[in-house]
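Structure record follows, encoded as structure tokens.
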Amino acid sequence: KQQAGSLLREFIQNALDAKSSENQIVRVNIKEIEIPINKLKKYGIDQLEEIHINSFSKSQKAGKSFSEKEYRDLFNSQKIRCLVMEDFGTTGLRGNIRPVHGEDLNDFQAFYEYEGITIKKSGNRSGSQGIGKAVFYTASNIGTIFFMSTRQESPKTIFSGISHYDGFRNKEGYAHDGSSYLANSIDPHKIPFSSEKFEDYEESSNIIEEFRGDFNLTRNSNDKGLSIVVPFIKPFANEETLLNEIVSEF
49 KQQAGSLLRE FIQNALDAKS SENQIVRVNI KEIEIPINKL KKYGIDQLEE IHINSFSKSQ
109 KAGKSFSEKE YRDLFNSQKI RCLVMEDFGT TGLRGNIRPV HGEDLNDFQA FYEYEGITIK
169 KSGNRSGSQG IGKAVFYTAS NIGTIFFMST RQESPKTIFS GISHYDGFRN KEGYAHDGSS
229 YLANSIDPHK IPFSSEKFED YEESSNIIEE FRGDFNLTRN SNDKGLSIVV PFIKPFANEE
289 TLLNEIVSEF
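If you want it as structure tokens, here you go:
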């Protein structure tokens, strides 16, 4: 119950913080869906299996509890439960999607690449940033989320996926820093997919529209705000538990 409350408070409060000056009302949609594993594989989810197994097997040696069989069973499931959380009447994740030397950390970058950092200040700020965003990853049995945000600025709509795990070094000596991204580019900068051409990066409207349909998003192409999809949800993040928490908390 405590975890469900934390998840809801983080999402709803961040939506309120992100209220757009163009709107009088902030609305949130929260629902649980079931999709076939093949839809998730379109977004590279199967590539995470061995990375996570290697990561958590090493963590187990350090005293953390981990069952490789149970973890592999997740990836072998035919149907996957996902939590879909969307806000409307908000600004979306604002800011340049490519880091610019000398510029302050913006809303998008705080959400995308930085753990344990918040840039919330007085006044409206776009939501789901900083320290609290960790609750979205803990709601997933594989520490993974997908997100799409529509903003006022260009590129208008951005989409990406992020997975967190324990950092480790593989047999070949390559160091994994504990984060993997589904992105347009990861070197030299992590750049999400975007609905229009951005600098040297081609537009990716097709994958954005597929994502919108595959996960039954309510947001259309003109609705500003943030949509988060949490795959492989833990029991506390199911729709019934969250609805009960909404009734008791709000």
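Last residue of the sequence shown: number 298 in this note's numbering, and the count goes up by one each step with no gaps. Yeah, the Cβ is synthetic: ideal placement off N, Cα and C, and Gly gets one too. As the structure is a prediction and not an experimental result, all values here were calculated from the model.
Residue closest to residue i, alpha-carbon to alpha-carbon, out of the options
| i | options | result |
| --- | --- | --- |
| R120 | G137, N102, V132, L131 | N102 |
| S68 | E258, Q200, I206, F259 | Q200 |
| E251 | T289, A223, F207 | F207 |
| E118 | I190, I85, H237, F159 | I190 |
| F216 | H237, E98, D155 | E98 |
| L274 | T289, K204, N254, S253 | K204 |
| I294 | A66, Q72, V76 | V76 |
| Q253 | N264, S269, L265 | The sequence given here has Ser at residue 253, not Gln. Selected option, being the one with the closest Cα: S269. |
| V183 | L88, F156, Q157, S211 | S211 |
| S242 | E258, L265, A223, K90 | E258 |
| N86 | R129, F104, Q72 | R129 |
| A158 | G137, K181, T138, F136 | K181 |
| I73 | K127, L56, F136 | F136 |
Counterpart residues of residue i in DSSP-defined beta bridges
| i | result |
| --- | --- |
| S197 | I206, L274 |
| I281 | S188 |
| E80 | L131 |
| F136 | R75 |
| L230 | G209 |
| K25 | This structure leaves residue 25 out entirely; the chain is present only between 49 and 298. |
| F216 | H224 |
| F241 | F207 |
| Y249 | F246 |
| K67 | T138 |
Cutoff 6 Å; reference residue i; Cβ partners in own chain excluding five residues on either side
| i | result |
| --- | --- |
| F194 | G209, V277 |
| S115 | none |
| F59 | M133 |
| D225 | G215 |
| S227 | H212 |
Cβ separation of residue i and residue j, assumed to be a contact under 8 Å, to the nearest whole Å
| i | j | result |
| --- | --- | --- |
| I234 | I145 | Their Cβ separation, rounded to whole angstroms, is 13 Å, which puts I234 and I145 out of contact at 8 Å. |
| F280 | I83 | The pair is not a contact, with the Cβ atoms about 11 Å apart (cut-off 8 Å). |
| F284 | Q51 | 4 Å |
Sequence-distant residues of its chain with Cβ nearer than 7 Å to residue i (five each side left out)
| i | result |
| --- | --- |
| K245 | E251 |
| G140 | S174, S197, T198, R199, K272, G273, L274 |
| K79 | V132, E287 |
| S107 | F114, D214 |
| A122 | With the sequence shown as reference, residue 122 is identified as Leu, and Ala is not the correct amino acid for it. Closer than 7 Å at the Cβ level, and outside the excluded window around L122, lie N189, I190, F280. |
Same chain only: Cβ atoms within 8 Å of residue i, ignoring 5 sequence neighbours per side
| i | result |
| --- | --- |
| G92 | G209, L230 |
| R142 | N154, D155, F156, S174, R199, Q200, E201 |
| E247 | R146 |
| G53 | E293, E297 |
| A187 | Q51, L55, L131, V278, I281, K282, F284, A285 |
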